[in-house]
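Let me begin by presenting the structure, written as structure tokens, before commenting on it.
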Amino acid sequence: MIETLWVIILSFSLFAIGIFGLISRRNLLFILLSLEIMLNGIILLFVAASNLHGNNDGQIMYLLVLTLAASEVAVGLALVIQIYRQQQNLDVDTLTKLRG
Amino acid sequence: MMLFTLILLPLVGGVIACWSQRVHQDAPKWIASLCLLLSLAFLISIKLFTSMDPSNLWLVDETLAWIPRLNISAHFAMDGLSFVLILLTLLMGLVGLSSAWNEISQHSGFFYGNFLWTLAGIIGVFLAMDLLLFFVFWEVMLVPMYFLIAIWGNENRRYAALKFFLFTQAGGLLMLLSIVALAVLHYQQTQILSFDYQVLVQSPIDSEFAKWICLGFIIAFIVKLPAFPFHSWLPDTHTQAPTPASIILAAVLLKTGGYGLLRFVLPLFPDASQFWSPLMMGLAGISIIYGAMMAFSQTDLKRLVAYSSVSHMGFVLLGCFSLNFYALQGAVMQMLAHGVSTAALFMLVGLIQHKFHTRDLNQLGGLWSTLPKLSAMGLFFGMASLGMPGLGNFIAELLVLIGTFKQAPMFALVATSGLILAAVYSLRMIQKSFFGVSVNADENRENKTGHTSKQIITDLNAKEKITLMLMCLSLIFMGLHPQPIFNLVNGSLIEIASLFQASFQPEILLIEVQL
Amino acid sequence: MIEAIFMITAIVCLISALLTVTAHNAVHALLYLVTMMIAIALIFFLFGSPFAAALQIIVYAGAVMVLFVFVTMMLHQGEKSNLDEKALFSLKNAKGPLLLATILIAELLMISVQPLEMNSSLVPLSAISNEAEQDSAQRDNTSQPNSVKSLAIQLYGPYRLLVIIAAMLLLSALIAAIHIARKTPKHVDVDLSPEETQLANKQQKANS
Amino acid sequence: MTILLGLIPLLPLFSACLLIFWQPKLLLTQIIAVGSISLSALLALILNVQLWDQAQFVLQVSLGQWLSIDNLSLGFTLYLDPLSLIMVTIITCVGALIHLYSASYMKDDPDVCRFFAYLNLFVSAMLFLVLADNLILLYLGWEGVGLCSYLLIGFWYREQKNSQAANKAFIITRIGDTAMLIGIILLFYQFDTLNIQQIQLQSQQLLQMDELPTTEIISLCCLLLFAGAAGKSAQVPLQSWLPDAMAGPTPVSALIHAATMVTAGIYLVARNMDLFQLAPDVLHFIAIIGVVTLILGATSALAQSDLKRILAYSTISQLGYMFLALGVGSASAAVFHLMTHAFFKALLFLSAGALIYCMHHEQNIFKMGGLRKSQPLLAFSFGIGCAALASLPMTSGFFSKELILEQTLLAHQPLLWWGGVIGAFFTALYSAKLFFIVFFGKLNQPSTHNTPTAMVIVLMILMLLSLVGGVQPQGLFTHFSAPADSASPGHTLSLFQHWLPILLPIFTVTLAWFMFIKGYFTPTTPSEGSSVSLKQKLHQFLLSGWDFDRLYRLIFIKPFKLVTEYNRRDIIDLAYRQLETFSSLLYRQLNRFQTGQLRHYSASLVIFCVLAIAWGLIQ
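Respectively, the protein sequence lines represent chains S, F, U and H. All you need for this note's numbering is the position in the first sequence, starting with 1, plus 1150. All you need for this note's numbering is the position in the second sequence, starting with 1, plus 71. All you need for this note's numbering is the position in the third sequence, starting with 1, plus 52. All you need for this note's numbering is the position in the fourth sequence, starting with 1, plus 176.
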């Protein structure tokens, strides 16, 4: 049988890798990618939990997260395109117009 | 329903006035004056036609359901004290109106709307018996006054309007806090959840929190009645407010603070106010002296009159907290007399500013030669403000001093030195503005003749003369024959005074209250 | 046996995640990400929820990743952007985030270890069918857990609000994406090379 | 008869209101003003005639109820008894004469109507003061009189110094009045009533009881009442306003600062004599103050060069005499001197006014010499006035001042008696000096036009009164048959003490004549050299009335101005503005956290999560 511990370790590590990517990468696209990794880590947990407790709530939650991920990516990528049009590069550190 | 219509009249009048500007340019003025006269007549009719049984303190008492779940009812009641103050409000409303007649030009509809809504709010404050209703009207009267100052004020009116609003708002919130705390404590002790004054006054709460709740109320009212530490909003507001707004502000808005002390602090917290009375009398003493000294050093006329009203309201605070029957009568009388005299002074200063476009004392001078009637009025009201016997202010200050000397001679001594300082600053005001030779009246006439025709400065016109003359007569009436006012206010003040002096046996309690 | 498969897919998943994060070339990163998603789909399958696995592959790996590929294709300048990428990210100047990520993993593991001493284990689909009968009684007649039928019943039973919200979410995202990505005249045309854009701007100024 | 009494104070009040509101032309104002005052003078005389025979009489008329709260009940009731009858007659008669005089004196002044309105208002306030039956009505008259003196001193408001003198007068008297108000309030708590007669009755009962009850409160009340009197009658601590009050027109100085207002203080103490008997040490203090003021006034008058200021200082010293008489307990001597002083001082002021009028507003005495020939009438009237002032025998001044000195002796106060005698010496000296300088010596400025007829008539009447005024009104003594007067009938004056006050004035006048011949009375020119001689310093010291002005400016005015000027921007307001600056400072600091860098935000997010989890783990 699959050890719950291992699943948790896997999803947490995926999550951590995602965070590492989020902070270290300066290209907006890669930030979105690492965001996806974090999401996958979480989805894994949801489904594992649903299986562990034997009911379908986890899977329903998985569906919701899926729609969330999809819409988030859509809007994110639209923004990326617009930014690219204005800045011609996607380096996050140059986008500081919203500072205080 | 009578009292509710009394509040509704100015409200509706305001709406019509505000709307009627589209119909005709100076329609709002007439509608506003009509509405004020109507409500004045209505008030008098209420007083005359209600039955006069001396046993029941309240002339008119009506409750309407408002928030049944929390047992909060729109409970209006009028007794002698609130009747007198509402009468003062309406009269000063008319005075403000007459001074705004030809001074307010741009979007006057909105101005008269705000003007009447402020009055409605003030009348509401004087009638509300339910604490939350009182708080609602306390805020309602602030908002239109804020607009009055912020839109039609003088040079940096926004700063002043904001400062005025913030000060009173902070006080108001503190009051809300103490209202809720009072209700909760009252509920814990007597299992009745009620915000109603008449219910709360039956069973004063006796816990060590009572002191702090009482302090909350006191601070809220002291901010409004500007006493020493919280007075710094008054001079700025008065210098920037347009004349009608500063008339209403000085004549009536300050009295809501005094009324609150008399109505809500003293009866609801008898022992707590006994505890706080030395501190408050000290504050009153300081504000009398501080107001007078500040008034002495001002060069701006409106600031000077503002600081003088801080000093005068110090007497009201002294009168309220010396917990003695004479002093309470004196405090009420001071509220009325100060209302009339300061309103007149502000009207005169407004006229001077309107004619000479300056409020600076150093540039004024020798007005007696150019404007004899205005200066004569200025002299009269200057004398009233320094407490010349034969006028209302003297009677008030005399009674307050008699009351305070019995309770705490030291504070009374400080207050009497305030009398001397009052003479000092009002004489300086009279001398610098009316006597002597006008410093630059001749020069600015020469260099002005270049482009404007010699600006002929007209003396008082008929309307202003009538209003000022009426105010003089009312002050003299209050000075020489104050008995009707004392009889009116007698009932409620005996109620309050009997809480404090066990030995106080008002043998005239049973006399029939007659006008 | 399932344990072994799980271990392998987990390792594959981790490696591909690490590679996506540290890749310089955008397309490589995308591909590594796709492999990770497929590995996760396999794990779902191992858990005994085939519907989730299918969805993962179809929607997530299929649709979302393809979207990414499209966008990279639009924005990728080929070699120039690879060079930029090397400038933008290098392991030696990513020390801070690395440290942070490791601390985070350590903490999360410490959390997960403590409450779960009672080593409950996940049982694949076939073994748990018997306990499901008792608790399925209170739920309305789901034949057996994790099957698509019971999922659908639940989805359109108690959770119908969730579906509506998800639909609304998708719709709004759709509209937002279209609106944001719309090409307004003053924007430079992304697929023109820089020289052509100056040309277009001159023409625009001429005729406006 | 009570209606007559009621009418006396109300007539001038009506005419004042009439003049204020109607402001008729010159002739009509004169008629109304002078008419109303002379009418009330007539009424007063009628009352005098009717009540001449009755020794003790009391007339009361109530004009209305003022206020009644709890047990404080005040009414507008007028109370007439011999003392107030005398005061009323003095005020109305002298007032009428001065009104007649100022009708012609002020006829070319543009706003005459305002002048007469104030003058009428003043007389009615004074009458209310004198006829008041309770202390608050007295205080109403008291402040009304102060107000009118302020308005009249500052009548020519164009010059800055006039209105400043008016301010000074009002504020100094206001200080005295506030002290008096405190005294009245304390009295109210002590005797539970403010009615003057009841207070006197209760204090008489207290006097009969051998053990005196809480005396220090009563003596405090008496002291405060005396402070009010000192303020109004320009006694030592509060006397610096009277010389400056000469800035007003001369009839004003004559009426207010010689005859009526300054005597209000004496009337107050005389009226409450029984109360003051309860506090013997306060009476003694009053006597001492009287002597000190008496000497101050006399010596300062010597050094003055302005005609009206000399008369002002002489008024201060004569008031000192009256307070001396009150201090030794003989109110009758004080009131008698008050009456005679009213007449001859009014005469002096009015003739001074006439003098200035014909010397076209020249007030320096050293510039008017040898007017004996050109103005014989003025010389004659001035002579009688100065004689009465110097209390030469057979003049009214002689009888009253000699009576005061005798009373001081009877009250076993030899020291005070000597003070009085020295004062009398100086008074005689400066009045003789004044007379000789103005009317003898060489003529250096011709007097142009002579005095109008109205003024002449008034001067004649006043001359008559100041000569014949010596006869003591019979009613005065019976009213004050207070025990203090006949305290020691056995004690007879020694020969020396009897004759000295009679011979002293004659001797000093001849001494003054010699000094005038020798030329001692030349104006002391201020020496330019740094070393100011002692004579210079003494002259400066006396000229400024013992330098009280500089003292007050140093103690009160300078610190007050310093503090108010420093605090003009209201420290409390400053505190609130600091609040404002603090919040904007805080804003700038916190603003630095929003760098706009996306990675900073996400990093801070993660750091926070790490810390949160760490904290969770530690718990």
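Just so it is clear, CB atoms sit at the ideal spot from N, CA and C, and this is done for glycine as well.
Integer Cβ distance of residue i from residue j, believed to fall under 8 Å
i, j, result
"S/V1197", "U/S101", "6 Å"
"F/I537", "F/L462", "Not quite, the Cβ-Cβ distance comes to about 19 Å (not below 8 Å), so this is no contact."
"F/P206", "F/I250", "It should be pointed out that residue 206 of chain F corresponds to Phe in this sequence rather than to Pro. That pair is a contact at about 6 Å."
"F/S412", "F/A455", "4 Å"
"F/I115", "F/T160", "Between F/T160 and F/I115 the Cβ distance is about 14 Å, and since that is not below 8 Å, they are no contact."
"F/P460", "H/E319", "5 Å"
"H/L362", "H/I393", "6 Å"
"H/P413", "H/A405", "That belief does not hold up - the Cβ atoms of H/P413 and H/A405 are roughly 12 Å apart, past 8 Å."
Proximal residues of chain U, C-beta to C-beta of residue i below 9 Å
i, result
"H/L793", "E159, M162, I163, Q166"
"S/I1187", "A69, T72, V73, L85, M88"
Residues that residue i contacts on chain H, provided the C-beta gap is smaller than 8 Å
i, result
"S/L1164", "Within 8 Å Cβ-Cβ: nothing; S/L1164 doesn't reach chain H, min ~15 Å."
"F/G328", "Chain H residues near F/G328: none, gap ~17 Å exceeds 8 Å."
"U/L152", "A779, V782, I783, V786"
Under 8 Å between C-beta atoms of residue i and residue j
i, j, result
"H/A518", "H/A435", "yes"
"F/T314", "F/S170", "yes"
"F/V471", "F/G562", "no"
"S/G1250", "S/L1182", "no"
"F/V150", "F/L130", "The residue asked about is misnamed: residue 150 of chain F is Asp in this sequence, not Val. Yes, they are a contact pair."
"U/F58", "S/I1152", "yes"
"H/S429", "H/A421", "yes"
"H/I347", "F/L219", "no"
"H/A455", "H/K337", "no"
"H/C397", "H/G441", "no"
"F/I276", "F/V270", "no"
"H/S191", "H/S212", "yes"
Contact set between residue i and chain S, taken where Cβ atoms lie within less than 7 Å
i, result
"H/N343", "Those within 7 Å of H/N343 in chain S number zero; the least Cβ separation is about 58 Å."
"U/Y208", "Chain S residues near U/Y208: none, gap ~11 Å exceeds 7 Å."
"H/V739", "None at all; the shortest Cβ gap to chain S is about 45 Å."
Contacts that residue i makes with chain S (C-beta to C-beta distance below 8 Å)
i, result
"H/A779", "I1173"
"U/V111", "L1216, A1220"
"U/A106", "Going along chain S, no residue has its Cβ under 8 Å from U/A106, so there is no contact; the nearest lies around 11 Å."
"U/G100", "N1201"
Chain H contact residues for residue i, given Cβ-Cβ distances below 9 Å
i, result
"S/T1217", "Those within 9 Å of S/T1217 in chain H number zero; the least Cβ separation is about 24 Å."
"S/L1195", "Ordered by position in chain H, no residue passes the 9 Å Cβ test against S/L1195, which lies about 16 Å from the chain."
Residues that residue i contacts on chain H, provided the C-beta gap is smaller than 7 Å
i, result
"F/Q400", "I245"
"S/L1248", "G772"
"U/I155", "V786"
Chain F residues whose Cβ lies nearer than 7 Å to that of residue i
i, result
"H/S339", "Q502, F506, G507"
"H/R350", "I491, A494"
"H/Q336", "G507"
Cβ-heavy atom distance, residue i to the ligand SAH, below 7 Å
i, result
"F/L162", "With respect to the ligand SAH, the structure offers nothing, as it holds no ligand at all."
Beta-carbon neighbours of residue i, restricted to chain U and to distances below 8 Å
i, result
"S/I1210", "L203, Q206, L207, Y211, L214"
Contacts that residue i makes with chain S (C-beta to C-beta distance below 9 Å)
i, result
"U/L226", "S1221, A1224"
Quiz prompt | Contacting positions in the region 748-775 of chain H - beta carbon closer than 9 Å to chain U | solution = R775
Quiz item: Given a limit of 9 Å on CB to CB distance, which residues of the region 446-467 of chain F reach chain H?
Solution: A447, L450, M454, L457, G458, M459, P460, G461, F465, I466
Quiz item: In chain order, which continuous runs of the beta strand (DSSP E) of length 3 or greater are located wholly inside the region 119-174 of chain F?
Solution: 131-138, 143-149
Exercise. Please specify which runs of the beta strand (DSSP E), each continuous and at least 3 residues long, are wholly inside the region 428-507 of chain H, giving them in chain order.
Key: none
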